[in-house]
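Going by this note's numbering, the sequence shown opens with residue 1264, and the numbers climb by one from there.
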Amino acid sequence: MSEVAQGPRSSVFTTMRFSKRKGLFLLEKHLARMRTHAEKLRIDATPINSDSILRLLLENTPELDDGLLRFECTDSLQLNIAYRPFTIQNEQVDAVTIASPIWPKRVAGVKHGAWNAYLDARQYAENQGADLALMVHNYSIVDGDRCTPLVLDEDGVIWISDSELSVDSITFDVLKASLLIAGYHIQRGKLNERLVARCVEAIAIGSGVGALKIDSIDGESIGNERSHLFDLCVSILREQYDDTNHWMEVWK
């Protein structure tokens, strides 16, 4: 299966964690978002259901014990899956910035078939010796190449992008309640240069990476070396991974 198709309306996809022992992590949340994205792309969402994906998985058992599963539905309603291993998880990283692709309103913020810009951004970061590319539009960070950036300011407010170009994060949905209980405030807005330059801590979260602590952006140190938010997110995610209620069993 090709990771990249011709245009955004050619397919819709999601990427989730899998474990041979536990199954699929947060499957229903991923399918719900995928169906919403399919509707925006005018792709029939009927085949996007747990029965369809489970049937495919049973026919194609992974060689990996755990990793990431990419589930795709094309505009011709063909379903595809692909497994891949984890790369970086729960680590301190360096990031670089790159211009975000600009999509029409109905396509923006959707995991669609023309995902090459994000794959290219990740490759660009690796070519620069960095771990992560941060997508920038109008002088603000709007997304990561495979994760969602969060910025903690000196008042204890966690900022997340409110841009239409940002993809809704399932990982953030999982973390949000626990972050509020821990005393943090959450605000959607622009992750502009001033906010990032003065932040206490910057992290990125996602299904494939867990939580990443961003130590530098474009060679400039970020934050004040604290890691409270990063440590908390890693701890919350570990608790979520250990909760069997979040997993859909697949392989007996």
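Quick reminder that beta carbons are idealized off the backbone N, C-alpha and C, glycines included.
Ser1484 classed as buried or exposed, judged by whether at least 16 other C-beta atoms fall within 10 angstroms: Label assigned to Ser1484: exposed.
Report the partner residues of Lys1439 according to the DSSP bridge assignment. DSSP output for Lys1439 lists no bridge partner at all.
Can you tell me the Cα-Cα spacing of Asp1478 and Leu1413, whole angstroms? Distance between the alpha carbons of Asp1478 and Leu1413 is about 13 Å.
Please state the DSSP three-state secondary structure of Met1264. Because the pLDDT at Met1264 is just 43, under 50, the model does not fix this residue reliably, and the value given afterwards should be weighed accordingly. Here Met1264 carries a coil assignment [DSSP, helix/strand/coil].
Run through DSSP, which three-state label would Asp1406 get? strand
Answer with buried or exposed for Leu1475, where buried requires no fewer than 16 other C-beta atoms within 10 angstroms of its C-beta. buried
If I follow the unbroken beta strand (DSSP E) through Ala1362, where does it start and stop? 1355-1362
To the nearest angstrom, report how far apart Thr1324 and Gly1376 are at their CA atoms. Here the alpha carbon of Thr1324 sits roughly 25 Å from the alpha carbon of Gly1376.
Can you name, in chain order, every residue of its own chain whose Cβ lies under 6 Å from the Cβ of Met1264, other than the five neighbours on each side? For Met1264, the predicted structure reports a pLDDT of 43, less than 50, and the residue's modelled location is therefore unreliable. A value from the coordinates is still provided. The residues are Asn1343, Ala1345.
Val1405 and Ser1426 - do their beta-carbons sit closer together than 7 Å? Against a cut-off of 7 Å, the Cβ pair of Val1405 and Ser1426 comes out as a contact.
Give the straight-line distance between the Cα atoms of Leu1442 and His1448, rounded to the nearest whole angstrom. 8 Å
Segment limits, beta strand (DSSP E) that includes Val1275: It spans 1274-1282 - the beta strand (DSSP E) in which Val1275 sits, taken as one unbroken run.
Below 7 Å between beta carbons: does that hold for Leu1332 and His1509? For the pair Leu1332 and His1509, the CB atoms are not nearer than the 7 Å cut-off.
When the distance is taken between beta carbons, is Glu1464 closer than 7 Å to Arg1489? yes
Whole-angstrom C-beta distance between Val1399 and Thr1360, which should lie under 8 Å: Sure, about 5 Å apart at Cβ, within 8 Å.
Asp1329, DSSP secondary structure in three states: strand
Determine whether the beta carbon atoms of Leu1395 and Val1356 lie at a separation below 7 Å. yes
Considering only their Cβ atoms, is the gap separating Asp1408 from Tyr1381 smaller than 7 Å? yes
Classify Ile1468: buried if its beta carbon has 16 or more other beta carbons within 10 angstroms, exposed otherwise. Counting C-beta atoms within 10 angstroms of its own C-beta, Ile1468 has 16 or more neighbours from the protein chains shown and is therefore classed as buried.
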